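For reference, the structure is listed below as structure tokens.
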Amino acid sequence: MPFVIGIDGGGTKTTCLVKKAGSKQQEIARFQGPGTNPHVVGFETAAARIGELIRGGLEAVNVNREEVAAVCCGLAGVGRNSEEQRMQKLISDTLDSLEISEYCELNVCSDSYIALRGALQPGTDEGILVISGTGSNALALTSSGRLTKSGGWGHILGDEGSGYFIGMKALNYMTRAYDGRDKATMLTSLILKQLQLEKAEDLIAYIYGERPEKREIASLARQVMEAAEHHDEAAENILRQASEELLAHVESLFRKNPEFTEQTVVTAAGSIFSYSKLVKETFINGLRQWNLGIYQEAYQSPAFGAALVAEELAHPSKQ
3 MPFVIGIDGG GTKTTCLVKK AGSKQQEIAR FQGPGTNPHV VGFETAAARI
53 GELIRGGLEA VNVNREEVAA VCCGLAGVGR NSEEQRMQKL ISDTLDSLEI
103 SEYCELNVCS DSYIALRGAL QPGTDEGILV ISGTGSNALA LTSSGRLTKS
153 GGWGHILGDE GSGYFIGMKA LNYMTRAYDG RDKATMLTSL ILKQLQLEKA
203 EDLIAYIYGE RPEKREIASL ARQVMEAAEH HDEAAENILR QASEELLAHV
253 ESLFRKNPEF TEQTVVTAAG SIFSYSKLVK ETFINGLRQW NLGIYQEAYQ
303 SPAFGAALVA EELAHPSKQ
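Per our numbering, residue 3 is the first one in the sequence shown, and the count goes up by one each step.
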């Protein structure tokens, strides 16, 4: 029986899922390796890491390379045709060097697409996925197969509702509280402790001198969630703002897809939804209030979604 491989390549880790094609069994093996976002590690390095992960995975489960019918790689940082085509060529060459079957089909796409495909339940052919982690974006699939997106502009131009958004809002509120332009908040002590700073004025050197990475700012969302659990007003307001921004992604996708109805499935992924009860509840309540579809928990993982896409490559008549 032929096998398919789904790859979920993120900035810090990559998951490889091996599945029997056409089998109801969800997976036979899952392996993890280092990150493969080509804009972080380089395009050639990303392709090499994917090849090594596939090689090691097939050897571990004793699958013959000639039995691999299709591979789908959903990668962070690959959202434009030029990037997809470049990675397609590099990964294709890597598969050739591994002596994968010459008949093996390959598809390279964005990580958000495989996340959406994995999140939708079997038999659901349209829906929306909203992602909020370090960054944020949303993707919609119509029953006709058309894809539309909202967000994905990066932390300077966008990422509203993300961990980065929450972290920056918290830092801004700290400066306002220090000046007396807003009420005092637990955020000040929690964030100063996390950043190992003595006083609010030290934020200037931290932001403009050290120039912290996006991920470091996004990690401050944890302190905001902690303060919200203690009913800190500023923290609760920031998380509600984040949720409203994520709802705006859904509204945007409804405007772009008039065929969507209050029965359209909306699902979510990412650490902010996972760890903030307030964000998730506000988001779900907003969907109900504005008739923006029906919320469902994600069915499966992005790697499983990639394997589903690979199966469609191997058996195009079943799409």
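Idealized CB from N, CA, C, for every residue including glycine.
Predicted model only: the values in this text are computed from it and were never measured.
Self-check item: Bounding residues of the alpha helix (DSSP H) (the contiguous stretch that carries Leu60)
Solution: The residue you call residue 60 lines up with position 58 of the sequence shown. Run containing Leu60: Phe45 to Ala62, per the alpha helix (DSSP H) assignment.
Quiz item: Skipping 5 residues on each side, what residues in its chain have a beta carbon closer than 6 Å to that of Val65?
Solution: As a working mapping, residue 65 is identified with position 63 in the sequence shown. Correct list, in chain order: Phe5.
Quiz prompt | Reduced DSSP secondary structure (H/G/I, E/B, other) of Lys320 | solution = Counting from 1 along the sequence shown, the entry for residue 320 is found at position 318. Annotation note: pLDDT 49 at Lys320 (below 50); position unreliable, no value reported.
Practice problem: For Pro124, count neighbouring Cβ atoms within 10 angstroms of its own Cβ and tell me buried if that reaches 16, exposed if not. | Solution: Mapped onto the sequence shown, residue 124 falls at position 122. Looking at its Cβ environment, which holds fewer than 16 other Cβ atoms inside 10 Å, Pro124 is exposed.
Exercise. Within the same chain, show all residues whose beta-carbon is closer than 6 Å to that of His251, passing over the 5 residues directly before and after it, in chain order.
Key: Within the sequence shown, numbered from 1, the residue matching residue 251 stands at position 249. Here the set comprises Val132, Ala140, Ser152 and Gly153.
Quiz item: Taking Cβ positions only, does Ile193 come closer than 8 Å to chain C?
Solution: Absent here is chain C; the protein component of the structure consists of one chain.
Quiz prompt | Residue interval of the beta strand (DSSP E) (run including Phe5) | solution = Position 3 of the sequence shown, counting from 1, holds the residue named residue 5. Its beta strand (DSSP E) spans residues Phe5 to Gly11.
Quiz prompt | Cβ shell of His317 (< 8 Å), same chain only, five flanking positions each side left out | solution = As a working note, residue 317 is residue 315 in the sequence shown. Cβ neighbours of His317 within its own chain (closer than 8 Å, five residues either side excluded): Ala23 and Gly24.
Quiz item: In three-state DSSP terms, what is Asn271?
Solution: Counting from one through the sequence shown, the residue named residue 271 turns up at place 269. Checking the displayed sequence, the identity of residue 271 turns out to be Ala instead of Asn. Ala271 falls in the strand class under three-state DSSP.
Quiz item: Which parts of the segment 127-171 are runs of the alpha helix (DSSP H), unbroken and 4 residues or longer, counting only runs that do not cross its ends?
Solution: Counting only runs of 4 or more residues that sit fully inside the segment 127-171, the alpha helix (DSSP H) segments are 156-159, in chain order.
Quiz item: So, do the segment 51-62 and the segment 93-111 have three or more beta carbon pairs nearer to each other than 8 Å?
Solution: In short, these stretches touch, since the Cβ pair count reaches three.
Quiz item: Between which two residues does the beta strand (DSSP E) harbouring Phe33 extend?
Solution: The sequence position of residue 33 within the sequence shown is 31, counting from 1. Its beta strand (DSSP E) spans residues Ala31 to Pro36.
Quiz item: When you compare each of Val226, Gln225, Leu248 and Tyr297 to Val268 by their alpha carbons, which one comes out closest?
Solution: Walking along the sequence shown from the start, residue 268 turns up at place 266. The shortest C-alpha separation from Val268 is found at Tyr297.
Quiz item: Along the chain, which unbroken stretches of the beta strand (DSSP E) at least 3 residues long are found entirely within the segment 238-299?
Solution: Along the length of the segment 238-299, whole beta strand (DSSP E) runs at least 3 residues long occupy 267-271, reported in chain order.
Quiz prompt | Ala31 vs Thr38 beta-carbon contact at 8 Å | solution = Within the sequence shown, residue 31 is the residue found at index 29, counting from 1. Within the sequence shown, residue 38 is the residue found at index 36, counting from 1. No, the Cβ-Cβ distance between Ala31 and Thr38 is not below 8 Å.
Quiz prompt | Residue range of the beta strand (DSSP E) that includes Thr190 | solution = To locate residue 190, count along the sequence shown from 1; it is residue 188. Careful: Thr190 lies outside any beta strand (DSSP E), inside the alpha helix (DSSP H) at Met188 to Leu197.
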